[in-house]
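Novice: One structure, pasted below without further comment.
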Amino acid sequence: MSFTVSGSNPSGGLKVDRDVHDAAAGQAGRHAPGAGEQRQRRQVFRLDVGAKVHWPHLLALLQQAFEAAADPDRYADVGGEPWQPSKMYYFVTFHQAKYAALHEELLRRELESPYTKIFAEWEERARKRLERGQRTLEITTRVAAADYFGVRDDALRAHATQIDPNSSWFACPREVERVAWPTEDYHLARSLVDTELPEDDLFAGIRESVTL
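Right, dumping it as structure tokens:
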């Protein structure tokens, strides 16, 4: 499950109002697709934020949602039973190492790279991220996903009003991506189970502690 938090106010801070906080606690903390051991045991957050969102505020909100999930006295009106997630991850999708690898593989194959402009703007983008308190997340977990890139793309194309099928999302041929960067990458933000880094499995440590 992923939960996207976005929004900003004129001062550049996150709108941490009752509605947003309840949404975080409700979706991240109280949504359980089944009963018993079929409950979701890890949370994956996509940090999809606007340019004015204050990064530390966002991370603090996500940490609060994680901690509130098991507390029966917090947000009882949201519905669902309290439960304790075991791990919390952030997606790490847009990072320089990945796009450098894709760029180099395209050039090696004598193909045009759509990332040339991105690299030209990278330093300026990095400066803006630093200004709003956004830190670079360490990649702690790499999950082999090359066999499922087609499924991922089909899911994106299903959101036709949000994702242009001719956009830069699909600019890199998938055969290039499978060779240059065959993983989906994550940052382990919180874990209540023992696990060793780096990981290659979102359920590392969970499989040993619960019956799925």
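Quick note: to get our numbering, add 438 to the position in the sequence shown (first position is 1).
Backbone N, C-alpha and C fix where the C-beta goes; we use that ideal spot for every residue, glycine too.
Would you tell me roughly how many angstroms separate the C-alpha atoms of Leu545 and Arg645, rounded to the nearest one?
Specialist: 41 Å
Novice: Assess contact between the segment 537-551 and the segment 608-616, defined as three or more Cβ pairs (one per stretch) separated by less than 8 Å. Is contact present?
Specialist: yes
Novice: Please check the pair Thr578 and Pro494, which I expect to be a contact at CB under 8 Å, by giving their CB distance rounded to whole angstroms.
Specialist: Actually they do not touch by this definition, with Cβ atoms about 20 Å apart.
Novice: Can you check which of these residues, Tyr527, Trp521, Ala514, Pro510, is closest to Leu423 by C-alpha distance?
Specialist: Only positions 439 to 650 of the chain appear in this structure, which leaves residue 423 out of reach.
Novice: Alpha carbon to alpha carbon, how far is Lys525 from His625? Give it in angstroms, no decimals.
Specialist: 11 Å
Novice: Let me check understanding here. Comparing Cα to Cα, which of Ala582, Phe608, Val581 lies closest to Ala593?
Specialist: Phe608
Novice: DSSP three-state label for Thr503, please.
Specialist: Note that residue 503 is Ala in the sequence shown, not Thr. The answer is helix: DSSP assigns Ala503 an H, G or I state.
Novice: Could you pull the start and end residues of the beta strand (DSSP E) that His625 belongs to?
Specialist: That run of the beta strand (DSSP E) goes 621-629.
Novice: Could you work out which residue in Ser647, Arg628, Ala627, Thr621 is closest to Asp638 when comparing CA atoms only?
Specialist: Thr621
Novice: According to DSSP, is Arg546 helix, strand or coil?
Specialist: helix
Novice: Alpha carbon to alpha carbon, how far is Phe504 from Leu630? Give it in angstroms, no decimals.
Specialist: 11 Å
Novice: Mind reading off the beta-carbon distance from Ala642 to Thr633? Whole number of angstroms is fine, and I expect it under 8 Å.
Specialist: 5 Å
Novice: So Asp623 and Val530 are supposed to be a Cβ contact under 8 Å. How far apart are they, rounded?
Specialist: That pair is a contact at about 4 Å.
Novice: For Thr554, name the three-state secondary structure that DSSP assigns.
Specialist: helix
Novice: Taking the straight line between their C-alpha atoms, what separation do you get for Ala598 and Asn604?
Specialist: 11 Å
Novice: By the 10 Å Cβ neighbour count, where 16 or more other Cβ atoms means buried, how is Pro510 classified, buried or exposed?
Specialist: Exposed is the call here.
Novice: Per DSSP, what kind of secondary structure is Glu637 in: helix, strand or coil?
Specialist: Here Glu637 sits in strand by DSSP.
Novice: Do you know offhand how far Arg590's Cα is from Glu519's?
Specialist: Across the structure, Arg590 and Glu519 are spaced so that their CA atoms are roughly 31 Å apart.
Novice: Between which two residues does the alpha helix (DSSP H) holding Val589 run?
Specialist: Looking at the DSSP string, the run of the alpha helix (DSSP H) that includes Val589 is 587-595.
Novice: Determine the DSSP secondary structure at Tyr528, reduced to helix, strand or coil.
Specialist: Three-state DSSP puts Tyr528 in a strand.
Novice: By how many angstroms is the C-alpha of Glu550 removed from the C-alpha of Tyr586?
Specialist: 24 Å
Novice: Going straight from the alpha carbon of Pro552 to that of Gly588, what length do you get?
Specialist: Taking the Cα positions, Pro552 is about 20 Å away from Gly588.
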